[in-house]
Amino acid sequence: MYRFLLAGLYKNGRYFEDAFQEYKRVLDAAPSTYQARINLGNIYFVLGQYGEAHLELPEGARHPSGLRPRVLRHVSGAVGLLQAQGGRRVARHGAQTSTP
4 MYRFLLAGLY
14 KNGRYFEDAF
24 QEYKRVLDAA
34 PSTYQARINL
44 GNIYFVLGQY
54 GEAHLELPEG
64 ARHPSGLRPR
74 VLRHVSGAVG
84 LLQAQGGRRV
94 ARHGAQTSTP
């Protein structure tokens, strides 16, 4: 659980590389953690990696939770943006990464 919380802190601080690693660790330990999958998809989306976001977000949306309609709208919006961009990656400003 602490890894999920740590990943959220990294994500909120825009340290996406660190957040990505922590969410991956969460999913390695508990693959059914749909919130981690959704957040991982959101990170991919923010970084302009729409193909990866399109793979992760629907996986999280399949969870039988109250978030499903909102998540499905988010996925639809991501796919629409991807199609509007013609599949190109879009550079996002303000993303930070840490170095060891």
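Take 4 as the starting number for the sequence shown in my numbering and just add one per residue. The C-beta atom is built at its ideal place from N, Cα and C for all residues, glycine as well. Computed from a predicted structure; not experimentally measured.
- Below 8 Å, enough C-beta pairs join the stretch 34 to 52 and the stretch 17 to 25 to call them touching: three or more.
- Between residue 13 and residue 19, the alpha-carbon positions lie close to 7 Å from each other.
- In terms of CA proximity to residue 6, 30 leads the group 30, 15 and 17.
- By the Cβ neighbour-count rule, residue 56 is buried, with 16 or more other Cβ atoms within 10 Å of its own.
- Boundaries cannot be given for residue 50, as no alpha helix (DSSP H) includes it and DSSP labels it neither H nor E.
- For residue 28, the enclosing alpha helix (DSSP H) begins and ends at 19 to 32.
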